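In what follows, a structure is listed as structure tokens, so that the remarks can point back to it.
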Amino acid sequence: MFKNNVDLVIIGAGIIGLATANEIIKTKKNIKILLVEKSSEVASQQSGHNSGVIHSGIYYKPGSFKAKFCVEGRASMTEFCEKNDIPVWTCGKLIVATDKSDVERIDNLYQRGTANKVEGLKVLTPEETKEIEPHVMCLKALHAPKTGIVDYVKVTEVYADKFKSIGGEISLNTEVLGAKIQNKKLIIHTNKGDIETNKVINCAGLHSDRIAKIFGYDADLKIIPFRGEYYTLKKEKEYLVKGLIYPVPNPELPFLGVHFTQTMKGFVEAGPNAVLATKREGYRKRDFSLKDSFETFTYKGFWKLLKKDWQTGLWEINRSFRKSAFLKSLRLLIPEIEKNDL
29 MFKNNVDLVI
39 IGAGIIGLAT
49 ANEIIKTKKN
59 IKILLVEKSS
69 EVASQQSGHN
79 SGVIHSGIYY
89 KPGSFKAKFC
99 VEGRASMTEF
109 CEKNDIPVWT
119 CGKLIVATDK
129 SDVERIDNLY
139 QRGTANKVEG
149 LKVLTPEETK
159 EIEPHVMCLK
169 ALHAPKTGIV
179 DYVKVTEVYA
189 DKFKSIGGEI
199 SLNTEVLGAK
209 IQNKKLIIHT
219 NKGDIETNKV
229 INCAGLHSDR
239 IAKIFGYDAD
249 LKIIPFRGEY
259 YTLKKEKEYL
269 VKGLIYPVPN
279 PELPFLGVHF
289 TQTMKGFVEA
299 GPNAVLATKR
309 EGYRKRDFSL
319 KDSFETFTYK
329 GFWKLLKKDW
339 QTGLWEINRS
349 FRKSAFLKSL
359 RLLIPEIEKN
369 DL
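Numbering (the numbering used here), first residue to last: 29 to 370.
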């Protein structure tokens with residue numbers, strides 16, 4: 029049973045929640061922090077379902093927080109992993125232009141990355157590109173040698189161990205159900221009982237909008253869940269990919285496009301796409317939640333998105349159900365890849 033009277037409650041034991049918990053407990057002496065997580069383990073949702081890439085900061089608007097945090101975060105994450113014996117591989121990344129419209133965007137990305145102080149960026153000719161990734165076909169490419177990969181579940185587990193070792197408490201299988209203010213204290217209702225606290229930090233990821241609403245903050249924003257689907261390359265075809273190979277992203281969309289990724293787990297991923305999910309924690313096509321779907325389809329923001337990007341949405345659904353459509357996107361990067369290689 030957790031302590032029911034603490035100074036601070038953090039909701040969500042993903043990488044954001046645990047990184048936040050560690051920073052606070054290191055700087056605030058004698059603070060009592062309880063981190064609650066509704067799942068049975070840390071990093072069970074978004075922190076454990078991603079490509080594991082440590083991005084370098086190329087894509088973001090110069091001067092923005094995203095650019096600042098990504099550039100500084102890449103360096104600090106790599107340093108943290110090295111200090112804590114977490115395997116990390118700075119394998120580098122290629123962004124490749126496969127048609128004429130992409131060529132100018134490569135130059136724009138180079139200028140943006142340079143403005144963001146991304147280290148080592150270089151625009152490559154097709155011949156120079158093949159020295160790094162021999163099986164890529166392109167008109168031009170941008171090389172980001174400092175981009176790396178890591179297992180973010182392992183990173184989160186190390187954060188959890190460090191947090192507990194200096195007095196922090198983690199309560200798993202603990203779901204926040206409601207909250208109220210009583211005698212100038214915040215009372216949080218959970219499935220394991222009530223918690224009395226002075227402050228709360230919302231790091232609930234996929235459910236952060238719902239948690240915010242529980243505490244009285246309703247900004248008329250909702251999470252719209254999208255699922256990323258991957259194939260893996262067969263072992264005998266992994267030689268086709270040396271590091272990370274990305275297309276030039278469509279600047280009108282929040283996704284980076286289908287790409288090839290080396291992983292710390294010893295295989296090569298091809299993907300992801302970005303298809304609308306009918307459940308917030310829906311990692312399989314058959315996963316469905318009536319509540320989640322109802323909230324999506326009754327949210328005006330979803331219909332604005334659909335009106336703007338319905339054609340892209342249909343293509344993503346097509347790519348989700350047809351392997352040949354997925355393969356078509358991959359072949360733009362590595363033309364020799366075959367359907368049976370996935």
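Ideal Cβ placement from N, Cα and C applies to all residues, glycine included.
Keep in mind the model is a prediction, meaning the values are calculated, not measured.
{"Item": "Could you round the C-beta distance between Arg255 and Val181 to whole angstroms and report it? I think they count as a contact, below 8 Å.", "Value": "Actually they are not in contact, since the Cβ atoms of Arg255 and Val181 sit about 19 Å apart, beyond 8 Å."}
{"Item": "Beta strand (DSSP E) containing Gln290: first to last residue?", "Value": "His287 to Gln290"}
{"Item": "Which residue from Phe330, Lys208 and Ser104 puts its Cα closest to that of Lys241?", "Value": "Lys208"}
{"Item": "Below 8 Å CB to CB, which residues in the same chain sit around Ile252 once its five sequence neighbours on both sides are set aside?", "Value": "Leu304, Thr324, Tyr327, Gly329, Phe330 and Leu333"}
{"Item": "To which residues of the same chain is Ser236 closer than 8 Å at the C-beta, ignoring the five residues directly before and after it?", "Value": "Gly40, Asn230 and Ile251"}
{"Item": "Should Leu281 go down as buried or exposed, given a rule of 16 or more other Cβ atoms within 10 Å for buried?", "Value": "exposed"}
{"Item": "When burial is assigned at 16 or more other CB atoms within 10 Å of the CB, is Ser84 buried or exposed?", "Value": "buried"}
{"Item": "I need the straight-line Cα distance from Pro162 to Pro275, nearest angstrom please.", "Value": "16 Å"}
{"Item": "Quick one: using the 10 Å Cβ neighbour count with 16 as the cut-off for buried, is Pro300 buried or exposed?", "Value": "buried"}
{"Item": "Across which residues does DSSP place His217 in a beta bridge pair?", "Value": "Gly206 and Asp222"}
{"Item": "Using only the alpha-carbon positions, how far apart do Lys293 and Leu214 sit?", "Value": "42 Å"}
{"Item": "Does the Cβ-Cβ distance between Ala95 and Asn144 come in under 7 Å?", "Value": "yes"}
{"Item": "Could you tell me which whole alpha helix (DSSP H) segments of length 4 or greater appear in the stretch 33-65?", "Value": "43-55"}
{"Item": "Please list the terminal residues of the continuous beta strand (DSSP E) segment that includes Glu297.", "Value": "Val296 to Gly299"}
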